[in-house]
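Trainee: Per the working numbering, the sequence shown runs over residues 12 to 208.
Virtual Cβ for every residue (Gly too), placed ideally from N, Cα, C.
Quick caveat, the model's predicted, so the values are computed rather than measured.
Provided herewith is a single structure, encoded as structure tokens, for subsequent inquiry.
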Amino acid sequence: IVLLLKVMTNYLLKTIKIFVFIAVIGTPLFYLRRSVYPYTLTKTAFFQAVVEVIFFLWLALAIIDKKYRPRKSIVLLGLAIFIGALVLTSITGADLSRSFWSTQERTLGVITIIHLALFTLVLSSLWKEIPWKPLLYSSLATSFIISVIAFLQIINPNLLLNEPIGGRPGATFGNPTFLAGYLIFNIFLSLYFIFHL
């Protein structure tokens, strides 16, 4: 039984790591050409689906081995209080649907925030198991690919969709502001690597 549990633990850890890479690499690149809000809604649905897989794999891992369970901390307590307050205010708010789901073009409601919190919970519980350097390098590589797509959009505005992008492409984010937010994070990440290697 001990050997079987060890094999299951290793399998679950390996699978979770693969899905974490899928979330980091796949989410920024994902879009569906023939869908409603092909850039944001599909990206959010993809991220939420991947996080749900990661969360349930981690839940099985936490049941098998208690060392992968979250440790009590002020940050974890603060996160729980924040999510609780968010859910409570959303239930008692003026528009329950908009509070929980947001709008289709923004998709930043309570449901998305809960998925981000679950992703954070899993990553913090598996902090020592996650290969952080390769994961962060893969984020940089993905941001480079997206930057290339943005430059190609200036040459060919209909590269991803038939749309007038002007001089401000959005690449797979569809919105120059969203793209800028994503790229700024990766610029700081690259600066971190430059000064800490």
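Between the C-alpha atoms of F111 and R44, what's the straight-line distance to the nearest angstrom?
Mentor: 26 angstroms
Trainee: Below 8 angstroms on the Cβ atoms is my contact criterion, and I expect K54 with F66 to pass it. Report the Cβ-Cβ distance as a whole number of Å.
Mentor: At roughly 18 angstroms, the Cβ-Cβ gap does not stay under 8 angstroms, so K54 and F66 are not in contact.
Trainee: Taking all protein chains shown into account, do 16 or more other C-beta atoms lie within 10 angstroms of the C-beta of W138, making it buried, or fewer, making it exposed?
Mentor: exposed
Trainee: According to the neighbour-count rule (16 or more other Cβ atoms, all chains shown, within 10 Å of its Cβ), is N21 buried or exposed?
Mentor: exposed
Trainee: Curious, which full-length alpha helix (DSSP H) runs of at least 4 residues does the region 51-123 contain?
Mentor: 51-75, 85-102 and 107-112
Trainee: Assuming V62 and L146 form a contact by the criterion Cβ under 8 angstroms, report the distance between their Cβ atoms to the nearest whole angstrom.
Mentor: Not really, about 15 angstroms apart at Cβ, beyond 8 angstroms.
Trainee: Going by DSSP, what residue range makes up the alpha helix (DSSP H) through V159?
Mentor: W143 to I166
Trainee: For a quick check, are the C-beta atoms of Q115 and L52 less than 8 angstroms apart?
Mentor: yes
Trainee: Pick out whichever of W69, I12 and V18 has its Cα sitting closest to the Cα of V31.
Mentor: With respect to the C-alpha of V31, the residue from W69, I12 and V18 having the closest C-alpha is W69.
Trainee: Would you report the Cα separation of A152 and L200, rounded to the nearest angstrom?
Mentor: Between A152 and L200, the C-alpha separation is close to 11 angstroms.
Trainee: Alpha carbon to alpha carbon, what distance is there between I124 and F184?
Mentor: 19 angstroms
Trainee: What whole-angstrom Cβ distance do L107 and S113 have, given they're in contact under 8 angstroms?
Mentor: Going by Cβ atoms, the distance from L107 to S113 rounds to 12 angstroms, so no, they are not a contact pair.
Trainee: Would you kindly check if the distance between the Cβ of P142 and the Cβ of K25 is under 8 angstroms?
Mentor: no
Trainee: Whole angstroms is fine: what's the gap from L172's alpha carbon to H126's?
Mentor: Put simply, the backbone Cα of L172 is about 28 angstroms away from that of H126.
Trainee: Once DSSP output is grouped into helix, strand and coil, what is the label at I125?
Mentor: The answer is helix: DSSP assigns I125 an H, G or I state.
Trainee: Which class does Y42 belong to by DSSP, given the choice of helix, strand or coil?
Mentor: coil
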